[in-house]
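For the sequence shown, the residue numbers in the working numbering are 25 to 451.
What follows is a single structure, written as structure tokens, with notes after it.
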Amino acid sequence: MPSASSRPTRIRHVMLGLVVLVYFITYLDRVLLSNALPTIQKQFGFSIVTLGLVQSCYNWSYALFQIPGGWFGDRVGPRIALASVVVWWSAFTFLTGLSTSLTMLMTCLFLIGLGEAGAFPIANRALSRWMLPNERGIAQGSTHAGSRLASTLTPVLVATLIGAYGWHMPFFLFALVGICWAAVWIFYYRDVPSEHKSVNEAERLKIANALGASRKHHHIPWRLILTSSQMWILAAMYFCYGYAMNMFIAWYPKYLNAERGYSLAQMGFFASLTLAAAVVGDVCGGLFSDLIIHRTGRIKFGRQVVAISGYLIAAVFIPLGCFMKDPYLTAAMFGIGLFGLELVVGNAWAVTLDIGGSFAGSCSAVMNTFGNIGAAIMAAATGFIVRDFGWNAAFYVISALCVAGALLFTRIDAGRKLATEATSPVV
Numbered sequence: 025m026p027s028a029s030s031r032p033t034r035i036r037h038v039m040l041g042l043v044v045l046v047y048f049i050t051y052l053d054r055v056l057l058s059n060a061l062p063t064i065q066k067q068f069g070f071s072i073v074t075l076g077l078v079q080s081c082y083n084w085s086y087a088l089f090q091i092p093g094g095w096f097g098d099r100v101g102p103r104i105a106l107a108s109v110v111v112w113w114s115a116f117t118f119l120t121g122l123s124t125s126l127t128m129l130m131t132c133l134f135l136i137g138l139g140e141a142g143a144f145p146i147a148n149r150a151l152s153r154w155m156l157p158n159e160r161g162i163a164q165g166s167t168h169a170g171s172r173l174a175s176t177l178t179p180v181l182v183a184t185l186i187g188a189y190g191w192h193m194p195f196f197l198f199a200l201v202g203i204c205w206a207a208v209w210i211f212y213y214r215d216v217p218s219e220h221k222s223v224n225e226a227e228r229l230k231i232a233n234a235l236g237a238s239r240k241h242h243h244i245p246w247r248l249i250l251t252s253s254q255m256w257i258l259a260a261m262y263f264c265y266g267y268a269m270n271m272f273i274a275w276y277p278k279y280l281n282a283e284r285g286y287s288l289a290q291m292g293f294f295a296s297l298t299l300a301a302a303v304v305g306d307v308c309g310g311l312f313s314d315l316i317i318h319r320t321g322r323i324k325f326g327r328q329v330v331a332i333s334g335y336l337i338a339a340v341f342i343p344l345g346c347f348m349k350d351p352y353l354t355a356a357m358f359g360i361g362l363f364g365l366e367l368v369v370g371n372a373w374a375v376t377l378d379i380g381g382s383f384a385g386s387c388s389a390v391m392n393t394f395g396n397i398g399a400a401i402m403a404a405a406t407g408f409i410v411r412d413f414g415w416n417a418a419f420y421v422i423s424a425l426c427v428a429g430a431l432l433f434t435r436i437d438a439g440r441k442l443a444t445e446a447t448s449p450v451v
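Have a look at this one:
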């Protein structure tokens with residue numbers, strides 16, 4: 025029997041837990057905005073079109089700084105980079121709570137988006153030298169489940185805090201949460217397992233044998249990344265996802281309030297109920313694809329079958345939610361649609377690890393840039409669509425984009441690396 029000291033430690037799972045937490049915190053702040061905006065809108069007195077433009081300030085900066093954020097993480101290492109961006113956006117979250125004008129509000133939201141832009145690419149890079157290839161799907165599913173858990177809990181929490189203390193208080197409180205996480209991260213995380221004192225030799229060898237030798241500093245092959253047809257297909261597919269998913273982050277609470285006539289408390293409850301399905305979808309998406317890959321050895325098939333199925337589920341059930349009259353049936357239809365949509369996200373981010381390896385931060389930054397261009401276009405366009413054609417039309421656009429996303433995923437091969445030096449075997 026092997027001794028306890030010869031068994032691999034599981035520090036990589038602690039690192040995963042810290043990354044799940046930062047995803048959670050990122051969405052605390054993002055969902056705080058969409059749930060506080062109806063109250064802020066009443067105070068400042070701006071129209072629904074202006075509301076869309078306010079939200080797009082965050083979305084455009086978030087989209088435009090994805091690649092610089094990914095480059096920053098690959099360049100200086102995720103330990104310093106991720107702590108830096110969390111402190112940045114937490115500071116401006118606090119300042120948002122002090123906003124006294126529309127200009128100040130829009131400026132703060134732009135700067136929050138600038139900081140949060142680096143979070144997911146850098147976090148993805150943080151896992152690239154820790155997680156084993158056969159753990160990637162569930163790891164990505166878990167991280168995005170953390171974000172969706174925040175999406176689920178935040179509406180009720182924000183509604184409660186606003187009801188008790190006004191809309192300013194949640195911004196102050198959530199900023200403090202981010203600062204505390206950054207302190208823990210800088211203290212505990214290390215860029216590679218060999219630098220962490222709690223990792224024993226067995227776990228270090230297990231990771232090294234699976235991923236190959238690590239290099240802290242390396243040339244990022246931007247030309248190769250940006251001329252890869254697979255990278256652009258992946259980016260276009262994620263544009264469809266970003267537009268669709270962020271409809272539920274940015275506009276769904278407003279839809280429940282304006283179209284369905286829900287009170288602040290009802291809006292928080294039913295938004296949370298619908299978004300709870302997304303948490304399940306995140307976990308299942310990664311778990312299902314990892315199981316398929318483990319049993320078949322077919323990484324391309326494993327990623328594709330789960331993601332394509334998810335897109336098609338979303339394309340069918342999201343429009344059905346528009347026609348339900350009962351609040352619980354409405355939540356159920358939209359929830360099933362979100363479950364399907366979230367089967368996609370863990371697989372999409374796992375693909376950036378599969379094909380990018382050592383350059384996963386930069387690859388995921390390119391993909392997430394287009395996802396958030398989709399989100400930014402959605403944030404502004406939805407205001408105009410709703411004004412001119414009604415809320416149902418906005419959800420029909422999402423359904424069409426889900427069909428397009430499914431078609432694009434048929435062209436993505438997770439087993440084909442961008443570069444041979446992106447050392448990270450997939451099987």
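Cβ coordinates follow ideal geometry from the N, Cα and C atoms, glycine included.
These figures come from a predicted structure and were not determined experimentally.
Could you please give the first and the last residue of the uninterrupted alpha helix (DSSP H) stretch that includes residue i?
i    : result
W415 : 415-433
S58  : 35-68
E225 : 225-235
G364 : 351-380
N83  : 72-88
D306 : 288-320
K278 : 276-282
N148 : 143-152
R247 : 246-250
I104 : 102-120
L200 : 192-212
L129 : 126-140
I342 : 323-347
Under 6 angstroms Cβ to Cβ from residue i, same chain only, skipping five residues before and after it: list those, please.
i    : result
G361 : A338, F341, I342
A302 : R172, L362, E366
N270 : A399, M402
L133 : C81, Y82
R440 : none
Y262 : A372, M391, F394, G395
F68  : L126
L129 : S123
N224 : T33
T298 : A355, F358, G359
W84  : A400
A107 : A206, W209, I210
P26  : Note that P26 scores 45 on pLDDT, short of 50, meaning its location in the model is unreliable; the coordinates nonetheless yield the value given after this. Excluding sequence neighbours, P26 sits near nothing in its chain.
A300 : T176
I397 : A87
Less than 8 angstroms separating the beta-carbons of residue i and residue j?
i    : j    : result
I249 : S386 : yes
N158 : T376 : no
D53  : F144 : no
L61  : L75  : yes
A260 : L336 : no
V43  : A150 : yes
G309 : G334 : yes
I136 : F118 : no
F419 : C346 : yes
S114 : G190 : no
H168 : V369 : yes
G142 : G97  : yes
W205 : R36  : no
A389 : I91  : yes
G292 : N59  : yes
V73  : R411 : yes
S166 : V55  : no
A282 : L425 : no
F433 : P351 : no
Y265 : M39  : no
Cα-Cα, which of the options is closest to residue i?
i    : options                : result
L311 : V208, L177, A163, S423 : A163
G94  : Y213, V46, I323, V109  : V109
P277 : Q290, Y265, L119, A438 : Q290
T178 : S333, I273, M39        : I273
A374 : D306, F89, C346        : D306
W209 : F294, I104, T251       : I104
R34  : A355, P217, N416       : P217
A226 : W113, Q90, S30         : S30
A87  : R228, L138, V100, V78  : L138
R99  : F413, F383, V427, L425 : F383
L156 : H220, L45, N233        : N233
I186 : Q328, L288, R228, Q254 : L288
Closer than 8 angstroms by C-beta to residue i: which residues in its own chain qualify, once you throw out the five before and the five after it? Chain order, please.
i    : result
H192 : G121, L122
A28  : Any reading at A28 must be qualified, since the residue scores a pLDDT of 47, below 50, and its modelled position is unreliable; no value is offered.
Below 7 angstroms CB to CB, which residues in the same chain sit around residue i once its five sequence neighbours on both sides are set aside?
i    : result
R435 : I257
R322 : none
Y279 : W415
T63  : I186, W191
Let me check you understand the geometry: is the CB of residue i closer than 7 angstroms to at least one non-hydrogen atom of the ligand ATP?
i   : result
S85 : The model on display carries no ligand, and the ligand ATP is accordingly not part of it.
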